[in-house]
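From first to last, the protein sequence lines are chains E and X.
For the first sequence, the UniProt record's numbering begins at 1 and goes up steadily by one.
For the second sequence, the UniProt record's numbering begins at 1 and goes up steadily by one.
Just below is one structure, and these are the notes that go with it.
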Amino acid sequence: MTSGSVLLRGVARRLAGAVLLLWAAATLTFVGLRLLPGSVESVVLGVHVNDPGLAGQVRASLGLDRPFAVQYGDYLLGLLRGDLGRSYVLNADVSDVVGSQVGPTLALAGSAVVLAGAIAWLIAVLSAGAGRTTERILHVIELLAICLPTFWVGALLQLGFSFNLQWFPSVGADGFSSLVLPMLTLALPVAGLLSQYMREEMAQALRQPWVLTVKSRGVSGFRLRATHLVPHVAVSSLTVAGNTLGLLIGGAVIVESVFGRPGLGRVALDAVTGSDAPVTVAVVLIITAAYVLITTAIDVAALVIDPRLRQEATS
Amino acid sequence: MRTTLAAVAGLLSLTTLAACSSASTSTTSGADSATPVSGGSITWAVAAEPSCFAPAFDDVLADRAITRNVVDSLVYQEKDGTYTPWLASAWETSKDGITYTFTLRDDVKFSSGATLDAAAVKANLDYTRDSAHGSSYAGLLGSVKDITADKNTLTITLSQADSSLLSSLSSVALGIIDPATIDDGKDLCTPGEKLSGSGPFVIDSYTRGSQVVLKQNADYAWAPESLSHDGPAYLDQVTYKFIAEDSTRTGALQSGQVDAISGVPALSVASLTKNQKLTYTDGPASSTTFGFTVNGSSENAPWDDAELRKAFRDSFDLDTIVNAIYKGQKTRAWSWVGKDSAEFDTTLKDSWGNDPSAANAALDAAGWSTRDSEGYRTKDGKRLRLKITYDADSVRDQRDTLVEAIQDAAKKNTGIEVDFTTPTWAALSADIAKGDWSIYPGSYGKVDYANSVIGTWNGYFYGANAWKPTKAVDLATDAIGATDPAQYKKDLDGIQQYLVKDQALFVPLVESTFPVAASNTLHGNGFDYSSGVPDGNYNVWVSK
């Protein structure tokens, strides 16, 4: 079997799994939200729910008077058509609400990951095998970056670089300058995590026999780490980076709040606290889709980068 | 049946009632005597993004500050509570208070270009009062029997006299928009080209989650006379940024990134007033106060007993608690009515509260005389427990700390156990709709106090209970029908005495105001007295 068809089969299997995962996520959210206390009518109408006329109107317009199975089927068909329904709270189509917020979040999360990767790469390359003291200091810094509350870090950066130095705007999403502080806030914990992982992987690799062989050819120091060790840890680091998605989403909720940025995080927060089921479902689906997309992309990238994975697949 | 939803709408507005502050630390921006200049633009930072920009569905009180820029009302409410011409240049009321005849201005145009005439106003009012449309404000027009339009003459015929009609008509809630799109209903909530009012500003762009930009309406020539000028607004452009985070909002103001903020956190007031570049202005305490509404029905036993409710009310020292929490930036309340309203019954001041010995005596007399191991009062083995539920979204500005301080004092002073939880609004409103609630902390906003009483206890809000404070509802009904101002005032006093002093069905805590903090370069900020919220920006100008 050629490595090309292995790649195709891998991708196909992944895609099938992705569809299954999306369906599961859609179903779980749909059922879960129905189980929450407080009826849909009371979310839409608040205390007006006692008006039988209005409550009836809401039930009819949302199709709540039909059997649960029919509602579920309709909901799935709607999703297939790309119809996410209408927000209970915002008086607008969910696709409009969510659609307008994907861009800013993507810019934030994407740039944060790239920045985090760059920071982690730099630290790992510069410090792998640098000795116990350096490693311990870096370890503490990394732990701090991971553990400090995002809210606090964001507020501090805002205070220093926006309110006092006035280098960057404190709020909004107008251009790159407004992205800098939120991006940095979101990138820090991811960078800490990645750096810790990459450094340890590199330190382990350094103890392996092949490194000695490379060294014996006269390659050492920075060049050894940058050209030989980085590709060695690249695949597993990518996987770790992919798994920080949860961190990014949680962080985005806070960062978007602190920096007054539009985005999915804020929409999700409002939707959950306001029991706005259609918006909540849409956000969950988008996050699931993003997760599936990213992990699939990383797996495929791993197959491409590391020939050993392809061989293992054929054997 | 009168279906007044205004109070309900006001209740929804709990989520955005802003921080309060005493007038003692405020300076007024009206003091500057410089000559206004035209031009320039300003940026506001507000705590919450309006969930709707269409007046009929704009349920959150604080959002009216934004909508006021875009829509005008039939009449204008002055600071002293009187009404002056706005879109209506004159009006007459029949002796029996049943027929109102309004003469409309003939020079008013909507931003869409359409002309405002009596038919347009009729279309708006008819749309809102038709309960099938689901406007929260249908109840404001509950007494209306018929509306007729003839060119510029609008006649409103009532089924009974209604002392609150002009008040309702002055509110943003009944602001007038171009009737051509009125059937779009809630679709108008998202501001686009369709939402067209006759206000001094026009919506230019809206970015969900971020901001709304308003542009000057250059044709504007129909401002209420008591405002300082006529013609278009001074400013070319006004931007409202939605910044939920308190510290970000105040930081953005202090660093000059925005020109004004509303939703000023009480604890930031001290640092804001110290800043020489800023002006802090507190709004009038002219809406319902923040306090505990107590369910007086037997479903809430034993708290259906007025003596027990009064014992709880008197079990804590509110002055000390409010001062400790708000450092003098908020005023404790004495009534359900705000202290700056003409309706405020001044005799309530110092008439109740902070009397643990009387409270203990009353609790002993009611049979709650034994104590359990934790020091709580018991009767027949049951602990004396009071449930306070406050929807998490509305908790802000130290209100949870306030409730916790009361919880603490009630235990220490009288042995009442207060069980304080913060569920979601969906869960809580379901409980309220079922009548299954005990104490709800909040304020009810207002368009009209008498209307508010009916909407709150006889309309949809607490209406599910068979029980209601009948006397307060009857007095409110009488007040609305009163054509004699003295009778109206007597009824309103009676309502306050009954709810607060005699029955402790409402335990007032702090006055609700909407303070504003702004750069010193910004002048002419005012308050909309129909709602107590910051006014639109018609009078606002910037100096260099």
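For each residue, glycine too, the CB sits at the ideal point set by N, CA and C.
### Message
In the DSSP output, which residue or residues are listed as bridge partners for X/R371?
### Response
Mapped onto the second sequence, residue 371 of chain X falls at position 371. X/R371 is bridged to X/R377.
### Query
X/Y83 by DSSP, collapsed to three states: which one?
As a position in the second sequence, residue 83 of chain X is number 83, starting the count at 1. Three-state result, X/Y83: strand.
### Task
Please determine, among X/A56, X/N295 and X/P508, the residue with the shortest C-alpha to C-alpha distance to X/D319.
Translated into the one-based positions of the second sequence, residue 319 of chain X becomes position 319. The residue with the shortest Cα to Cα distance from X/D319 is X/P508.
### Task
State yes or no: is the beta carbon of X/I243 nearer than 8 Å to at least one beta carbon in chain E?
Counting from one through the second sequence, the residue named residue 243 of chain X turns up at place 243. Taking CB atoms only, X/I243 has a neighbour in chain E less than 8 Å away.
### Message
Could you check whether the Cβ of E/F163 sits closer than 8 Å to any Cβ belonging to chain X?
### Response
Residue 163 of chain E sits at position 163 when you count from the first residue of the first sequence. Closer than 8 Å to some Cβ of chain X, the Cβ of E/F163 qualifies, so yes.
### Message
Check whether the region 107 to 118 of chain E and the region 247 to 263 of chain E touch, using three or more Cβ-Cβ pairs below 8 Å as the test.
### Response
Yes, the region 107 to 118 of chain E is in contact with the region 247 to 263 of chain E.
### Members of the region 194 to 213 of chain X near chain E, C-beta cut-off 7 Å
The region 194 to 213 of chain X vs chain E, Cβ under 7 Å: T207, R208, G209 and S210.
### Task
May I ask you to list, following chain order, the residues of the region 257 to 284 of chain E that have a beta carbon less than 8 Å from some beta carbon of chain X?
Those residues of the region 257 to 284 of chain E that come within reach of chain X (Cβ to Cβ, closer than 8 Å) are S257, V258, F259, G260, R261, P262, G263, R266, V267, T273, G274 and S275.
### Message
Quick check: what's the CA-CA separation for X/T401 versus X/Q487?
### Response
Residue mapping note: residue 401 of chain X aligns to position 401 of the second sequence, counting from 1. Residue mapping note: residue 487 of chain X aligns to position 487 of the second sequence, counting from 1. Looking at the two C-alpha atoms, the distance is approximately 40 Å.
### Query
Looking only at C-alpha atoms, which of X/S205, X/S168 and X/A123 sits nearest to X/A451?
The sequence position of residue 451 of chain X within the second sequence is 451, counting from 1. Note that residue 451 of chain X is Asn in the sequence shown here, rather than Ala. Considering only alpha carbons, the answer is X/S168.
### Message
My output table needs one value for X/T25: the three-state DSSP class, helix, strand or coil.
### Response
To locate residue 25 of chain X, count along the second sequence from 1; it is residue 25. Its pLDDT being 35, under 50, X/T25 is placed unreliably in this model, and the value from its coordinates should be taken loosely. X/T25 falls in the helix class under three-state DSSP.
### Query
Rounded to the nearest angstrom, how far is the Cβ of X/T190 from that of E/A92, given a contact under 8 Å?
Residue mapping note: residue 190 of chain X aligns to position 190 of the second sequence, counting from 1. Residue mapping note: residue 92 of chain E aligns to position 92 of the first sequence, counting from 1. Their Cβ separation, rounded to whole angstroms, is 5 Å, which keeps X/T190 and E/A92 in contact under 8 Å.
### Query
If you drop the 5 nearest sequence neighbours on each side, which residues of the same chain put their C-beta closer than 6 Å to that of E/S178?
Locating residue 178 of chain E in the first sequence gives position 178, counting from the first residue. Counting only Cβ-Cβ distances below 6 Å, and skipping sequence neighbours, we find P169 and G172.
#### Entry: C-beta contact flag for E/Y197 and E/V240 at 8 Å
Translated into positions along the first sequence, residue 197 of chain E becomes position 197. Translated into positions along the first sequence, residue 240 of chain E becomes position 240. Against a cut-off of 8 Å, the Cβ pair of E/V240 and E/Y197 comes out as a contact.
### Task
At 4 residues or longer, and completely inside the region 447 to 499 of chain X: list those alpha helix (DSSP H) runs for me, N to C.
449 to 457, 470 to 481 and 485 to 496
### Message
Helix, strand or coil for X/R249? Go by DSSP, reduced to three states.
### Response
Start at 1 with the first residue of the second sequence, and residue 249 of chain X comes out as number 249. If DSSP states are grouped into helix, strand and coil, X/R249 belongs with the helices.
### Which listed residue (X/D314, X/R332, X/F506 and X/A114) has its alpha carbon closest to that of X/V322
Walking along the second sequence from the start, residue 322 of chain X turns up at place 322. X/V322 has its Cα closest to that of X/R332, out of X/D314, X/R332, X/F506 and X/A114.
### Query
From this set, X/G494, X/K327, X/K468 and X/P485, which residue's C-alpha is nearest X/D304's C-alpha?
One-based indexing of the second sequence puts residue 304 of chain X at position 304. When each option's Cα is compared against that of X/D304, the closest is X/K468.
### Query
Leaving out five residues before and five after residue 545 of chain X in sequence, what residues of the same chain have Cβ atoms less than 7 Å from its Cβ?
Within the shown structure, residues of chain X are numbered from 1 to 544, placing residue 545 of chain X beyond reach of any answer.
### Message
Along the region 160 to 186 of chain E, where does the CB come closer than 8 Å to a CB of chain X? Name the residues.
### Response
S162, F163, N164, Q166, P169, S170, V171, G172 and A173
### Query
Helix or strand or just coil, what does DSSP make of X/S135?
The residue given as residue 135 of chain X occupies position 135 in the second sequence. Coil at X/S135, not helix or strand.
### Query
For E/D174, does the count of other Cβ atoms within 10 angstroms reach 16, so buried, or fall short, so exposed?
Here residue 174 of chain E is taken as the residue at index 174 of the first sequence, counted from 1. The residue is exposed, with fewer than 16 neighbouring Cβ atoms inside 10 Å.
### Task
State yes or no: is the C-beta of X/D391 within less than 8 Å of the C-beta of X/T414?
The residue labelled residue 391 of chain X in the question sits at position 391 within the second sequence. The residue labelled residue 414 of chain X in the question sits at position 414 within the second sequence. No, these two residues do not count as a Cβ contact at 8 Å.
#### Entry: X/S24 classed as buried or exposed, judged by whether at least 16 other C-beta atoms fall within 10 angstroms
Residue numbering aside, residue 24 of chain X sits at position 24 when the second sequence is read from its first letter. Confidence is the limiting factor: at X/S24 the pLDDT is only 32, short of 50, which leaves the residue's position unreliable, though a coordinate-based value still follows. In the assembly as shown, X/S24 is an exposed residue. Its beta-carbon has fewer than 16 other beta-carbons within 10 Å.
### Message
Between the alpha carbons of X/G381 and X/G442, how many angstroms are there, rounded?
### Response
As a working mapping, residue 381 of chain X is identified with position 381 in the second sequence. As a working mapping, residue 442 of chain X is identified with position 442 in the second sequence. Whole-angstrom Cα-Cα distance: 32 Å.
### Message
Which same chain residues end up closer than 7 Å to X/N539 when comparing Cβ atoms and leaving out the 5 residues on each side of it in sequence?
### Response
Here residue 539 of chain X corresponds to residue number 539 of the second sequence, with the count starting at 1. Within the same chain, X/N539 has close Cβ partners L227, S228, G524 and G526.
### Message
By the DSSP assignment, the beta strand (DSSP E) with X/K434 in it spans what residues?
### Response
Here residue 434 of chain X refers to the residue found at position 434 when the second sequence is read from its first residue. That residue, X/K434, is in no beta strand (DSSP E); its alpha helix (DSSP H) goes W425 to K434.
### Message
Counting only Cβ-Cβ distances shorter than 8 Å, please list the residues of the region 69 to 95 of chain X near chain E, keeping chain order.
### Response
Listed by position along the chain: nothing, the set is empty.
### Query
Tell me which same chain residues have a C-beta within less than 6 Å of the C-beta of residue 550 of chain X, skipping the five on either side of it?
Lying before the first or after the last residue shown, residue 550 of chain X is absent from chain X, which here runs from 1 to 544.
### Message
At the level of alpha carbons, what is the spacing between E/V98 and X/S210?
### Response
The sequence position of residue 98 of chain E within the first sequence is 98, counting from 1. The sequence position of residue 210 of chain X within the second sequence is 210, counting from 1. Distance between the alpha carbons of E/V98 and X/S210 is about 14 Å.
### Query
Closer than 8 Å, CB to CB, is X/Q496 near chain E or not?
Translated into the one-based positions of the second sequence, residue 496 of chain X becomes position 496. No, because no Cβ of chain E sits closer than 8 Å to the Cβ of X/Q496.
### Contact with chain X by E/N243, beta-carbon distance below 8 Å
Taking the first sequence and counting its residues from 1, one reaches residue 243 of chain E at position 243. False, the Cβ-Cβ gap to chain X never drops below 8 Å.
### Task
Per DSSP, which residues does E/R217 bridge with? Please list them.
Here residue 217 of chain E refers to the residue found at position 217 of the first sequence. None, per the DSSP bridge assignment.
### Task
For X/D345, name the three-state secondary structure that DSSP assigns.
The residue given as residue 345 of chain X occupies position 345 in the second sequence. X/D345 falls in the coil class under three-state DSSP.
### Task
Taking only the alpha-carbon atoms, compute the straight-line gap between X/F57 and E/L143 and give it to the nearest angstrom.
For this step, residue 57 of chain X is matched to residue 57 along the second sequence. For this step, residue 143 of chain E is matched to residue 143 along the first sequence. Taking the straight line from one Cα to the other gives about 49 Å.
### Query
Residues in its own chain within less than 6 Å of E/G265 by CB, not counting five upstream and five downstream?
Position 265 of the first sequence holds residue 265 of chain E. Cβ within range, chain order: A252, V253 and E256.
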